[in-house]
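Okay, structure first, notes after.
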Amino acid sequence: MMFLDRQKQSKNPKYILVHCTHGHNRTGFMIIHYLMRTHVSCVAEAISIFAQRRPPGIYKRDYIEALYSFYHEVPDNMMIACPPTPEWKRPDDLDLNGEAKQDDDDDNGDPGPLHNESEDKVITNDDVLGDEVPYDQQEALRVLCYRLLEMPLGRGHAHFPGSHPVSLNSENLQLLRQRYYYATWKADGTRYMMLIMRHGCFLIDRNFSFRRVQMRFPHRSLQGLQDMTLIDGEMIIDTVPDSGLKRRYLAYDLMALGSVSKTRLPFSERWKMLEDEIIQPRNNEKGLERGAKSNPLYKYDMELFSVRRKAFWVLLTVKKVLKVFIPSLCHDADGLIFQGWDDPYVTRTHEGLLKWKYPEMNSVDFLFELTNDNRQLVFLYERGKKKLMDGARISFTGSHAFEFS
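The opening position of the sequence shown corresponds to residue 1 in the UniProt record's numbering, with each subsequent residue numbered one higher.
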């Protein structure tokens with residue numbers, strides 16, 4: 001796609017030729033994927049565009065069903081979507097050996113419609129979600145994220161820009177008294193930012209790597225789709241009684257909407273915008289589809305995960321959150337997050353964003369031991385086991401200060 005964008009600006013453009021034996025089924029399958037990610041937003045329109053340019057278009061039902069399945073859509077009428085086999089395509093054509101001919105447009109292969117992953121395997125937090133993104137496109141998306149976050153581009157633009165909390169300690173504890181804070185639970189899941197584009201959504205992990213997932217985020221007006229919108233959240237797996245494991249994305253912040261950065265707005269406004277502009281339009285559209293007499297045009301239940309806004313509460317309710325809410329969760333939680341209600345979105349380490357973990361869940365990276373014979377030992381915790389660091393020493397220069405040598 002980036003190659004084609006560059007050719008549009010070139011005085012001597014180059015072209016990409018896409019073809020199979022007859023140039024209908026496999027060719028159409030590939031070109032329609034391109035149209036869906038660049039020009040149009042529904043499969044029926046893309047199929048129609050290709051059929052007009054290359055009559056009769058895709059005529060094998062398997063390919064059309066695979067396209068609708070991949071984009072989680074349902075055709076109004078499959079008989080209309082799938083034209084009859086053209087007359088020139090005779091099933092009794094024979095080769096020199098007197099056997100039926102096979103070609104790229106009429107093979108025994110399967111374009112592979114997608115299935116809901118929960119039906120096929122046990123899901124875990126370690127699962128790799130979505131489709132791989134080409135290197136050039138990933139670089140362009142990284143630049144876009146930095147622009148949406150109003151971050152300067154430089155040599156370090158390959159680093160994950162998401163906001164990181166710091167541990168609650170005796171020094172920053174005063175912030176909870178001085179400023180207006182809200183609290184939420186610290187879910188034991190996987191951190192992802194999500195870049196919502198008209199032609200698809202991208203999960204962004206802590207390595208600043210992108211994976212494309214097929215999701216739908218309609219505008220608030222339900223006319224058109226969100227584009228160049230950036231949100232933050234975490235992926236969890238709920239164990240739902242009588243339903244099994246359900247993957248869910250808990251969105252807790254919004255940094256850009258429709259290519260406009262919102263990082264300077266207070267968290268209270270961004271959090272409200274997340275519900276009004278992202279979550280509620282999806283719920284409204286799903287409600288309209290459930291109430292429709294005909295089949296829905298888009299099947300939300302085929303998405304890899306559902307999306308919810310994460311809840312926040314005033315500090316006065318923290319005791320209830322710990323004693324009542326967290327024990328009732330369908331997924332694990334290991335502490336609390338304290339979010340400044342009036343804070344802007346701060347990229348990378350945010351000294352005002354605080355985390356507290358249950359003491360038994362705090363991770364230990366290094367361990368210092370003083371033996372009975374006054375030997376000082378330093379261990380590195382690696383995969384849950386202590387590994388002695390030969391030659392490492394610790395010297396205490398004050399009651400609290402220390403240095404490694």
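Don't be surprised by glycine CBs; every beta carbon is placed ideally from N, CA and C. Model, not experiment: these values are computed from the prediction.
- Taken in chain order, the complete alpha helix (DSSP H) segments of 4 residues or longer contained in the stretch 236-298 are 267-273, 280-291.
- Tyr181 has its alpha-carbon roughly 19 Å from the corresponding atom of Asp334.
- Two segments are said to touch when three or more pairs of C-beta atoms, one from each, lie closer than 8 Å; by this definition the stretch 351-361 does not touch the stretch 267-283.
- Met255 and Ser163 have their C-alpha atoms roughly 11 Å apart.
- By alpha-carbon distance to Gly57, the top candidate from Cys82, His39, Asp136, Leu129 is Cys82.
- The Cβ neighbour count for Asp253, taken over all protein chains shown within 10 Å, is at least 16; the residue is labelled buried.
- Boundaries of the beta strand (DSSP E) around Glu382: 376-382.
- Along the length of the UniProt domain "Tyrosine specific protein phosphatases" (1-65), whole alpha helix (DSSP H) runs at least 4 residues long occupy 2-8, 25-38, 43-53, reported in chain order.
- The alpha helix (DSSP H) runs of length 4 or more contained entirely in the stretch 155-213 are, from start to end of the chain, 175-178.
- DSSP places Ile326 in the helix class (H, G or I) of the three-state scheme.
- The C-beta of Ser10 has fewer than 16 other C-beta atoms within 10 Å across all chains shown, which makes the residue exposed.
- Look at Ser395 here: in three-state DSSP terms it is strand.
- In the three-state reduction of the DSSP assignment, Pro75 falls in the coil class, being assigned neither a helical nor a strand state.
- In the DSSP assignment, Gln137 falls within the unbroken alpha helix (DSSP H) covering 135-148.
- Here the alpha carbons of Glu234 and Pro165 stand approximately 14 Å from one another.
- Classified as buried, Leu203 has 16 or more neighbouring CB atoms from the shown chains inside 10 Å of its CB.
- Here Leu388 carries a strand assignment [DSSP, helix/strand/coil].
- Exclusion of the five residues before and after Leu377 leaves Glu369 as the residues of its chain whose Cβ lies within less than 6 Å of its Cβ.
- In the structure shown, the three-state DSSP call for Val321 is helix.
- In the structure shown, the three-state DSSP call for Ser221 is coil.
- Contact between Val260 and Arg282 is absent: CB atoms are separated by about 20 Å, not below the 8 Å threshold.
- One alpha carbon belongs to His331, the other to Ala187, and they sit about 8 Å apart.
- Glu369 carries a strand assignment under DSSP once its states are collapsed to helix, strand and coil.
- Under the three-state reduction of DSSP output, Phe70 falls in the helix class.
- Lys286 sits close to Tyr300, with the two beta carbons spaced by under 7 Å.
- In the DSSP assignment, Gln339 forms a beta bridge with Tyr182.
- If you draw a straight line from the Cα of Leu153 to the Cα of Gln138, it is about 15 Å long.
- A straight-line Cα-Cα distance of about 33 Å links Glu171 and Cys145.
- Rounded to the nearest angstrom, the gap between the Cα atoms of Asp365 and Thr184 is 26 Å.
- In this structure, Ile123 sits near Ile237, with a CB-CB distance shorter than 7 Å.
- Leu17 has its alpha-carbon roughly 20 Å from the corresponding atom of Tyr63.
- For the pair Thr239 and Gly28, the Cα-to-Cα distance works out to about 41 Å.
- The continuous beta strand (DSSP E) containing Gly352 extends over residues 349-357.
- Look at Ala81 here: in three-state DSSP terms it is helix.
- For Val346, no beta strand (DSSP E) encloses it, and the DSSP letter there is neither H nor E.
- About 4 Å separates the CB atoms of Asp227 and Arg198; that is less than 8 Å, so the two are in contact.
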